[in-house]
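Residue numbers (our numbering), protein chains in the order written: chain V, 287 to 800; chain S, 341 to 602. Read the structure below first, then the notes.
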Amino acid sequence: MGTIWDILPGLGDKLSAHVVLSASAIGLAILIALPLAVWAGRSPIVSRLALSLASLVQTIPALALLALFFPLLLSLRAVFGEGLPTLGFLPALMALTLYALLPILRNAVTAQANLDEGVLEAADGVGMTKWQKLVLVEAPLSAPFIMAGIRTASVWTIGAATLATTIGQPSLGDPILAGLQTQNWALVLAGCLASAGLALAADNLLWVIEVGLARRKKSMAYGGVLVVVLGILAALWGQGSDSDERRIVIAAKSFSEQYILAQLIGARLEAAGYEVEYRDGLGSAVVHGAVANSSVDISVDYSGTIWTNYLKRSDNPGREAMYTTIRDWEAQTNGVTVLGRLGFENAYAFAMRQDRASELGVASLTDLAAVAPRLTIGGDPEFFERPEWIAVRDVYGLGFRKSRNFAPTFMYNALTSGEADVISAYTSDGRIAADRLVVLADPEGALPSYDALLMLSPRISKDAGVVATLQPLIGAISVEAMREANYAVDREDASKLTPKQAAEGLAEKVGLKK
Amino acid sequence: MPQPLLRFDGVICRFGEVIPVGSGFGGVSCDIAAGSFVALVGASGSGKSTLLKTVNTLVEPTEGRVLFGGEDVSTLKPARLRRRVGYVFQGIGLFPHFSVAENIAIGPRLAGERLPPERIAELLALVELDPGYATRMPDELSGGQRQRVGVARALAGGPELLIMDEPFGALDPVTRDALGRKVRELHERLGLTTVMVTHDMAEALLLADRVLVMDKGELVADETPRTLLAGAGGAVAQRLASVPREQAERLAALEGFGEARS
């Protein structure tokens with residue numbers, strides 16, 4: 287599995303990307319905030335409006351702010367054309383810039399408001415123009431306070447930049463998110479350590495500049511600026527080694543199965559001589575749109591997800607009809623090729639501990655409805671908003687005492703520890719077998735099927751070589767094989783595997799290894 | 341009488357509903373001759389500071405004109421005008437991030453001229469500061485020293501006119517007296533024309549050779565110190581003049597009493 291110290295040296299390119307992203311966002315925020323602050327200093331209305339808006343942005347969780355830019359940029363394509371990127375650097379930059387605005391703006395406005403009246407009068411009295419007054423008096427006297435704001439913004443931005451991973455921008459969030467999903471704590475810790483270290487380094491460096499400005503020690507201020515510039519240049523240079531040629535981008539949503547399948551697909555393509563790149567930990571809603579507009583090229587999605595979220599259907603015509611309907615709909619509406627079904631289903635199911643189920647006499651969802659008012663249900667954060675849950679709830683008349691949200695990999699722990707009596711589980715999950723859980727029957731057929739579908743973007747589906755390379759995956763993966771691979775990644779003992787190792791094992795198991 | 345250096349011609353300043361200067365009919369009009377030392381005296385809110393600031397266009401009159409050397413100040417470039425008009429005020433306003441020398445040299449610097457160290461030393465000597473102060477920062481100076489630098493800064497451009505707004509208001513009485521005398525001396529030595537705003541009639545009587553009294557935005561008296569003390573100038577002026585006169589009498593009486601006791 288490797289320790290933190292083995293992982294850290296390998297994070298160089300993530301660190302570079304993180305530095306470039308954060309520095310760009312802070313730089314852009316400074317460029318916006320300073321003129322705005324000058325304007326605010328001359329107009330109380332602008333001041334109030336700008337500060338209120340910047341504060342409002344702060345109330346939006348960084349994760350949501352990042353995600354919001356995807357649909358925004360998508361709609362802006364109508365104006366700027368299809369070339370406008372909707373994932374990766376651009377939306378991350380925009381969200382983080384907005385996030386960094388407040389501390390810089392507030393400090394700059396406060397600094398200006400607190401300037402000594404006498405000094406300002408003297409500036410006019412000696413005959414300074416407005417511009418000279420700004421450059422010679424207001425700016426230097428405000429500089430230490432503005433610098434303090436930039437420091438705060440930097441620490442926030444470097445922290446929030448780890449979340450850029452969810453919209454497909456590489457950052458130090460990649461190891462954190464991947465580690466969280468696969469319960470690889472060394473990976474999580476390495477990512478946290480690196481980003482915390484970066485934040486501390488930036489904070490201290492900017493502090494040196496701030497003190498240099500406050501004490502009017504030019505050598506200190508310039509020295510600090512020089513080190514900052516060198517750091518950013520080094521990061522840019524580290525990033526610059528990327529080739530310009532577009533690689534095949536494989537998306538993974540943020541759970542183990544997706545990581546494993548992405549590695550399985552990637553390994554196959556690499557073996558066939560293609561260069562691939564992974565976008566791990568993307569939000570579920572982001573992935574579908576990203577494939578449609580070729581921001582990513584390959585993803586594994588699930589028929590039930592597409593059925594309810596994108597076709598907006600709530601009926602259940604059966605597994606086959608659902609698949610063909612989706613395949614045709616994707617081709618016509620989005621130009622996305624559904625290459626086929628991988629063979630297994632990752633459907634929603636409701637699972638309970640064996641002892642608890644027999645104690646309560648529950649074997650099906652119908653039985654569950656009778657005892658539900660006494661029980662706590664656990665689900666992943668999006669589950670209770672999903673139409674599947676609403677359908678099941680309404681069909682069986684489920685009303686629980688309490689519902690709680692858990693990250694997918696933590697739900698099983700919640701079940702074993704008794705924090706939840708029943709959870710929304712996934713049929714391909716290895717923990718079902720490993721924890722000897724009872725999957726409750728669905729006699730009314732309220733839950734749709736969740737065939738794993740191999741989705742190709744319009745861009746890549748024209749590539750016959752890629753299609754041929756991936757074709758053998760269709761129908762090749764049984765639910766047992768998938769469960770085993772998932773469990774290998776999720777387990778927390780010495781036999782725990784990385785998604786890459788698990789993908790190799792899976793390939794061997796299903797006979798895809800040449 | 342030759343052309344006056346400074347002429348207020350029907351000046352009215354209006355800020356919304358408030359009319360700090362020129363509230364009566366026709367606004368404020370008055371001539372100030374070159375070489376004179378004029379004190380502009382009045383209670384708080386009488387409009388004296390506002391009137392003074394129309395000279396270097398820190399305040400622009402709503403109506404009327406201010407002529408400096410025959411030219412309407414609103415037609416002059418502010419930066420050039422303010423070099424010819426030295427400005428000293430109660431807030432002092434030394435730039436805290438500039439050294440004493442840089443503060444003094446700022447006016448000429450804005451005009452693209454570098455003051456040599458000898459000139460800085462000369463200006464420091466004028467206000468009785470050691471040349472060694474040139475490299476100090478303002479926060480290392482006492483209040484009196486700061487205002488001396490303020491005066492030196494106002495003189496650095498070689499102004500024809502010195503305008504001062506409560507210049508000694510924040511200083512202790514001893515420093516205040518010393519600096520007042522110094523300014524009067526410089527006024528003589530450099531051949532300046534000086535307009536000083538103050539609410540302290542004693543200061544006005546002792547330093548100026550012409551006292552203008554303002555009340556509610558109007559000029560209500562225009563006298564010499566001697567005629568004012570002799571009872572001219574009307575009720576407002578006399579009320580202001582009575583304060584130092586009575587103080588002087590009480591001090592004299594106190595002294596007499598002390599002598600009688602000993």
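All C-beta atoms in this analysis are idealised placements derived from N, C-alpha and C, irrespective of residue type, glycine included.
My output table needs one value for Y545 of chain V: the three-state DSSP class, helix, strand or coil.
As a working note, residue 545 of chain V is residue 259 in the first sequence. Y545 of chain V: helix per DSSP, three-state reduction.
Does chain S have any CB closer than 8 Å to the CB of R502 of chain V?
For this step, residue 502 of chain V is matched to residue 216 along the first sequence. Closer than 8 Å to some Cβ of chain S, the Cβ of R502 of chain V qualifies, so yes.
Distance cutoff 8 Å, beta carbons only. Does A399 of chain V sit that close to anything in chain S?
Locating residue 399 of chain V in the first sequence gives position 113, where the first residue counts as 1. Chain S, which has no Cβ nearer than 8 Å to the Cβ of A399 of chain V, makes this no.
Does the beta carbon of T383 of chain V sit closer than 8 Å to a beta carbon anywhere in chain S?
As a working mapping, residue 383 of chain V is identified with position 97 in the first sequence. T383 of chain V does not count as touching chain S.
Going by Cα to Cα distance, which pick from S:L532, S:E468, S:M536 and S:E563 is closest to T515 of chain S?
As a first step, residue 515 of chain S is located in the second sequence; it is residue number 175 there, counting from the start. Ranking S:L532, S:E468, S:M536 and S:E563 by Cα distance to T515 of chain S puts S:E468 first.
Indicate whether T468 of chain V and V724 of chain V have their beta-carbon atoms separated by less than 8 Å.
Locating residue 468 of chain V in the first sequence gives position 182, where the first residue counts as 1. Locating residue 724 of chain V in the first sequence gives position 438, where the first residue counts as 1. For T468 of chain V and V724 of chain V, no; Cβs fall outside 8 Å.
Is N817 of chain V helix, strand or coil when you go by DSSP?
Lying before the first or after the last residue shown, residue 817 of chain V is absent from chain V, which here runs from 287 to 800.
Where Q485 of chain S and A474 of chain S are concerned, what is the direct C-alpha to C-alpha distance, given to the nearest angstrom?
Translated into the one-based positions of the second sequence, residue 485 of chain S becomes position 145. Translated into the one-based positions of the second sequence, residue 474 of chain S becomes position 134. If I take the Cα positions, the gap works out to 12 Å.
Any beta strand (DSSP E) of 3 or more consecutive residues that is wholly inside the stretch 421–456 of chain S:
425–429
To be precise: take each residue of the stretch 407–422 of chain V, compare its Cβ to all Cβ atoms of chain S, and keep it if any distance is under 9 Å. Which residues remain?
E407, A408, A409, D410, G411, V412, G413, M414, T415, Q418 and L422
Limits of the beta strand (DSSP E) - the one that M504 of chain S falls within:
Here residue 504 of chain S corresponds to residue number 164 of the second sequence, with the count starting at 1. Element bounds for M504 of chain S: L501 to D505.
Hey, D505 of chain S and V537 of chain S are a contact pair by Cβ (cut 8 Å); roughly how many whole angstroms apart?
To locate residue 505 of chain S, count along the second sequence from 1; it is residue 165. To locate residue 537 of chain S, count along the second sequence from 1; it is residue 197. Between V537 of chain S and D505 of chain S the Cβ distance is about 5 Å, and since that is below 8 Å, they are a contact.
Would you kindly work out how many angstroms separate the C-alpha atoms of N535 of chain S and P430 of chain V, rounded to a whole number?
Locating residue 535 of chain S in the second sequence gives position 195, where the first residue counts as 1. Locating residue 430 of chain V in the first sequence gives position 144, where the first residue counts as 1. According to the sequence displayed, residue 535 of chain S carries Val and not Asn. Rounded to the nearest angstrom, the two C-alpha atoms are 38 Å apart.
Within this structure, are the beta carbons of L552 of chain S and L380 of chain S separated by less than 8 Å?
The residue given as residue 552 of chain S occupies position 212 in the second sequence. The residue given as residue 380 of chain S occupies position 40 in the second sequence. Result yes, Cβ atoms of L552 of chain S and L380 of chain S sit closer than 8 Å.
By the criterion of Cβ-Cβ separation under 7 Å, what are the contact partners of H437 of chain S in chain V?
Here residue 437 of chain S refers to the residue found at position 97 when the second sequence is read from its first residue. Correct list: P426, L427 and R502.
What first and last residue would you give for the alpha helix (DSSP H) that runs through K795 of chain V?
Residue numbering aside, residue 795 of chain V sits at position 509 when the first sequence is read from its first letter. Where K795 of chain V is concerned, the enclosing alpha helix (DSSP H) stretches over P785 to K795.
Please determine, among S:T397, S:A592 and S:A588, the residue with the shortest C-alpha to C-alpha distance to R420 of chain S.
For the purposes of this step, residue 420 of chain S is taken as the residue at position 80 of the second sequence. With distances taken between Cα atoms, R420 of chain S lies closest to S:T397.
Which complete beta strand (DSSP E) runs does the stretch 521–577 of chain S hold, if anything under 3 residues is left out?
533–538, 550–555 and 558–563
Could you tell me the distance, in whole angstroms, from the CA atom of R424 of chain S to the CA atom of L463 of chain S?
Translated into positions along the second sequence, residue 424 of chain S becomes position 84. Translated into positions along the second sequence, residue 463 of chain S becomes position 123. Roughly 16 Å separates the two Cα atoms.
Identity of the residue in V:G435, V:S428, V:A381 and V:A557 nearest I316 of chain V by Cα
In the first sequence, residue 316 of chain V corresponds to position 30, counting from 1. Of V:G435, V:S428, V:A381 and V:A557, the residue nearest in Cα terms is V:G435.
Strand pairing of D349 of chain S, partner residues [DSSP]:
Here residue 349 of chain S corresponds to residue number 9 of the second sequence, with the count starting at 1. Note: D349 of chain S sits in a beta bridge opposite S:R405.
Chain V within 8 Å of I460 of chain S, Cβ atoms only
Position 120 of the second sequence, counted from the first residue, corresponds to residue 460 of chain S. False, the Cβ-Cβ gap to chain V never drops below 8 Å.
Nearest chain V C-beta to R601 of chain S closer than 8 Å, yes or no?
The residue labelled residue 601 of chain S in the question sits at position 261 within the second sequence. Low confidence applies to R601 of chain S: its pLDDT is 49, below 50, so where it sits in the model is not reliable, and the reading given next is rough at best. Judged by the 8 Å Cβ criterion, R601 of chain S is not in contact with chain V.
L366 of chain S touches chain V at which residues, Cβ-Cβ below 9 Å?
Working through the second sequence from its first residue, we reach residue 366 of chain S at position 26. Reading off the sequence, residue 366 of chain S comes out as Gly, not Leu. None at all; the shortest Cβ gap to chain V is about 29 Å.
Return the chain-ordered list of same chain residues with a C-beta closer than 8 Å to the C-beta of G350 of chain S, the five sequence neighbours on each side being excluded.
As a working note, residue 350 of chain S is residue 10 in the second sequence. So the qualifying residues of the chain are G362, G366, G367, V368, S369, E403, G404 and R405.
Put I709 of chain V into one of helix, strand or coil per three-state DSSP.
Residue numbering aside, residue 709 of chain V sits at position 423 when the first sequence is read from its first letter. Reduced to three states, the DSSP call for I709 of chain V is strand.
Quick check on G472 of chain S - is its C-beta less than 8 Å from some C-beta in chain V?
The residue labelled residue 472 of chain S in the question sits at position 132 within the second sequence. It does not: the Cβ of G472 of chain S has no partner Cβ on chain V nearer than 8 Å.
Helix, strand or coil: which one does DSSP assign to S540 of chain V?
By one-based count along the first sequence, residue 540 of chain V stands at place 254. The answer is coil: DSSP assigns S540 of chain V none of H, G, I, E or B.
Cβ closer than 9 Å: which chain S residues qualify as neighbours of G404 of chain V?
As a position in the first sequence, residue 404 of chain V is number 118, starting the count at 1. The contacting residues are F429, Q430, G431, I432, G433 and L434.
Going by alpha carbons, who is nearest to G433 of chain S out of V:G413, V:P673 and V:G404?
What you label residue 433 of chain S is simply residue 93 of the second sequence in a count that begins at 1. Of V:G413, V:P673 and V:G404, the residue nearest in Cα terms is V:G404.
Between L450 of chain S and the rest of its own chain, which residues show a CB-CB distance below 7 Å, the 5 nearest in sequence each way excluded?
Here the question's residue 450 of chain S lines up with position 110 in the second sequence. Excluding sequence neighbours, L450 of chain S sits near A419.
With burial defined as no fewer than 16 other Cβ atoms inside 10 Å of the residue's Cβ, what is the status of V441 of chain V: buried or exposed?
By 1-based counting over the first sequence, the position of residue 441 of chain V is 155. Result: buried.
Give me the residue from S:G571, S:G596 and S:C353 with the minimum Cα distance to S386 of chain S.
Indexing the second sequence from 1 puts residue 386 of chain S at position 46. When each option's Cα is compared against that of S386 of chain S, the closest is S:C353.
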